[in-house]
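K.L.:
FYI, my numbering numbers position 153 of the sequence shown as 153, with every residue one higher than the one before it.
There's a structure below that I have some questions on.
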Amino acid sequence: MPDIAFVKPALPRAGALVLPVTEDAPLMGLAKQADEATGGAISRGLEAARFKGRKGQSAVLWAPGAGLAKVVAIGLGKDPAAAAAEAAGGAVAGPIAQEREAVVAADGLTPALAAAFAMGVALRSYRFDRYRTTEKPEDKPKLERLAVATSDVAKAKAAFAPLQAIADGVFLTRDLVSEPPNVLTPAECADRCKALEKLGVGVEILGPKEMKKLGFGALLGVAQGSAQEPRMVVMTWNGAPKGKKAGKPLAFIGKGVTFDTGGISIKPAAGMEDMKWDMAGAGTVIGLMAALAGRKAKADVVGIVGLVENMPSGTAQRPGDVVTTASGQTVEVINTDAEGRLVLADVIHYCIEKFDPLFMVDLATLTGAIIIALGHEHAGLFSNDDTLAQRIEAAGKQVGEACWRMPLGEAYDKQIKSDIADMKNVGGRPGGSITAAQFIQRFVQGRPWAHLDIAGTAWSGKDLPTAPKGATAYGVRLLDRLVAEHYEG
Ligand code: BES
Ligand code: MN
Ligand code: ZN
Numbered sequence: 001m002p003d004i005a006f007v008k009p010a011l012p013r014a015g016a017l018v019l020p021v022t023e024d025a026p027l028m029g030l031a032k033q034a035d036e037a038t039g040g041a042i043s044r045g046l047e048a049a050r051f052k053g054r055k056g057q058s059a060v061l062w063a064p065g066a067g068l069a070k071v072v073a074i075g076l077g078k079d080p081a082a083a084a085a086e087a088a089g090g091a092v093a094g095p096i097a098q099e100r101e102a103v104v105a106a107d108g109l110t111p112a113l114a115a116a117f118a119m120g121v122a123l124r125s126y127r128f129d130r131y132r133t134t135e136k137p138e139d140k141p142k143l144e145r146l147a148v149a150t151s152d153v154a155k156a157k158a159a160f161a162p163l164q165a166i167a168d169g170v171f172l173t174r175d176l177v178s179e180p181p182n183v184l185t186p187a188e189c190a191d192r193c194k195a196l197e198k199l200g201v202g203v204e205i206l207g208p209k210e211m212k213k214l215g216f217g218a219l220l221g222v223a224q225g226s227a228q229e230p231r232m233v234v235m236t237w238n239g240a241p242k243g244k245k246a247g248k249p250l251a252f253i254g255k256g257v258t259f260d261t262g263g264i265s266i267k268p269a270a271g272m273e274d275m276k277w278d279m280a281g282a283g284t285v286i287g288l289m290a291a292l293a294g295r296k297a298k299a300d301v302v303g304i305v306g307l308v309e310n311m312p313s314g315t316a317q318r319p320g321d322v323v324t325t326a327s328g329q330t331v332e333v334i335n336t337d338a339e340g341r342l343v344l345a346d347v348i349h350y351c352i353e354k355f356d357p358l359f360m361v362d363l364a365t366l367t368g369a370i371i372i373a374l375g376h377e378h379a380g381l382f383s384n385d386d387t388l389a390q391r392i393e394a395a396g397k398q399v400g401e402a403c404w405r406m407p408l409g410e411a412y413d414k415q416i417k418s419d420i421a422d423m424k425n426v427g428g429r430p431g432g433s434i435t436a437a438q439f440i441q442r443f444v445q446g447r448p449w450a451h452l453d454i455a456g457t458a459w460s461g462k463d464l465p466t467a468p469k470g471a472t473a474y475g476v477r478l479l480d481r482l483v484a485e486h487y488e489g
């Protein structure tokens, strides 16, 4: 991410000048100054490009004069809102990546829109290049500093401060999800959570011994085929104003399968490498905790992730095994590839017993079936609480992380009845994402709970407005917004 500074309007002498333009508006302020300094080259260029400032419209003018390498104009449409400014920021990240410095002429925007524009640039500038050793320098992005020119520096800075913390959380999630599975083992992922301590987050790591004591038969059953030890990480952020009697914490729970081969019910070879991002639910919870702590959210929040690797081996669990979960309920494991729900069952039970939370939201790349149902445009939302569900849906709309509510019900629950145990871990092909959610619901003890199936949204095969292709960190911004809107005083 480039360094982002908010500065008083002043023309740069080199590099890129970015012009966010409202539809059909004349060039004003810094943009007008630049036009004059270039002898009208900018307005002539934009006219020749038929640039009108429509939403999504852009134009690049090379070497227009006054020392500028390029001018990038980007349309905001009419009456731009934060989402439009952010998308516009995302759209210029590519065109300015090869300059060392860029100045954004945001002096015509409100401080909030200027901050949103900068957020868009930041989010879209993400790159995971840790393992590229032979990339040519000319192919690497060079943007070091983004100066956002604004007429109210103090206000824009204040608006951007929480966004910077959220962007840091998003980047942390994307890093974790992008790491290869030989590097990001359960133990390594747990170790990386420790970095949150310097933000004031409490981080407790539990290993197999502790989990055995807690009776985590379901999670440990998944882990038993792997040479990698499982971990559970409990992260706490106590940001609610002290004084009055402490309220119940909000709880976020993530599926962290660092690699999912399917186990003995092994997956086909084609595309199996994708299963490195089967820990995206956990990665999202970790990035969310970083975002909340980074912006000092005024809420008490606990984030818990269950980290395991699902492998086939001589010690792996078998189809037909019966495991006893921490709740005491037993599960017949029909398919070892339906492992995420087994991990969540124990972690959710622990969360209730230990924290008595106000609500729980779990995130999991849980089912391929949710991709069949909703594609990559919405995550699946399941909940036993209408208020919580509506708040999550609304927060998702606001930040551009959409989700779609799916049904739950007794008839679906019947699909996971077992002949030998309290339930089985799969319910057949019909409604595969729903029966997975029904399974999880059996562990929430009737408490307010929502489940986000992010199998279709955690990773993108194509560039998105504010995320390059790859790990999206879907959910970090949604849940940050949920907390900010409803649970901070
Ligand atoms: N991690 C997968 C789900 C998944 C599939 C995520 C594709 C992302 C992309 C999960 O553990 C799984 O294997 N689910 C099975 C469940 C089935 C065995 C009932 C599935 O979806 O096929
Ligand atoms: Mn699986
Ligand atoms: Zn999985």
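Ideal Cβ placement from N, Cα and C applies to all residues, glycine included.
1) Please report the distance separating the alpha-carbon of residue 239 from that of residue 248.
2) With DSSP as the reference, label residue 380 as helix, strand or coil.
3) Go through its chain and collect everything with a Cβ distance to residue 184's Cβ below 6 Å, but skip five positions before and after it.
4) For the candidate residues 85, 69, 67, whose alpha-carbon lies nearest to that of residue 75?
5) Using 10 angstroms around the beta-carbon of residue 221, count the other beta-carbons present and answer buried if the total reaches 16, otherwise exposed.
6) What's the gap between the Cα of residue 437 and the Cα of residue 431?
7) So, for residue 389: in the same chain, excluding its five sequence neighbours on each side, which residues have a beta-carbon less than 7 Å away from its beta-carbon?
8) If you follow the alpha helix (DSSP H) that residue 285 is in, where does it begin and where does it stop?
9) Taking its Cβ as the centre, do 16 or more other Cβ atoms sit within 10 Å of residue 132, making it buried, or is it exposed?
10) Can residue 359 and residue 250 be called in contact, C-beta distance under 9 Å?
11) Within its chain, find whatever has a CB closer than 7 Å to the CB of residue 490; leave out the 5 residues flanking it on each side and keep chain order.
12) Contact between the segment 111-130 and the segment 155-165: three or more CB pairs below 8 Å?
13) Which word fits residue 256, buried or exposed, when buried means at least 16 other C-beta atoms lie within 10 angstroms of its C-beta?
14) If residue 456 and residue 366 are in contact, beta carbons under 8 Å, what's the gap, nearest whole angstrom?
15) Going by DSSP, which residues form a beta bridge with residue 470?
16) If you draw a straight line from the C-alpha of residue 472 to the C-alpha of residue 130, how long is it?
17) Quick one: is residue 134 buried, meaning 16 or more other Cβ sit within 10 Å of its Cβ, or exposed?
18) Between the Cα of residue 177 and those of 274, 219, 152, spot the shortest distance and give me the residue it belongs to.
19) What beta strand (DSSP E) runs, 3 residues minimum, are completely inside the segment 45-109?
20) With distances taken Cα to Cα, identify the nearest neighbour of residue 354 among 302, 59, 150.
21) What residues does the ligand BES have around it, judged by CB closer than 5 Å to any heavy atom, in chain order?
22) What does the alpha-carbon distance come out to for the pair residue 61 and residue 126?
23) Suppose only complete runs of 3+ residues qualify. What are the beta strand (DSSP E) ranges in the segment 300-341, listed by chain order?
24) With DSSP run on the structure shown, which of helix, strand or coil describes residue 419?
25) Given this structure, state the Cα-to-Cα distance separating residue 106 from residue 187, to the nearest angstrom.
P.N.:
Well, looking at it:
1) 12 Å
2) strand
3) 258
4) 85
5) buried
6) 10 Å
7) 381, 383, 405, 450
8) Counting along the chain, the alpha helix (DSSP H) containing residue 285 begins and ends at 280-294.
9) exposed
10) yes
11) Any answer about residue 490 is impossible in this case: the structure gives the chain only from 1 up to 489.
12) Yes, the segment 111-130 is in contact with the segment 155-165.
13) Per the 10 Å Cβ criterion, buried.
14) Contact between residue 456 and residue 366 does not hold, since their C-beta atoms are separated by about 10 Å, which reaches or exceeds 8 Å.
15) When DSSP reads this structure, residue 470 sits in a beta bridge with 460.
16) 17 Å
17) exposed
18) Cα-wise, what sits closest to residue 177 is 274.
19) 58-65, 68-77, 101-105
20) 302
21) 260, 278, 335, 337, 338, 340, 365, 367, 368, 426, 455
22) A direct Cα-to-Cα measurement between residue 61 and residue 126 gives close to 25 Å.
23) DSSP runs (the beta strand (DSSP E)) wholly in the segment 300-341: 300-310, 322-324, 330-332.
24) coil
25) 45 Å
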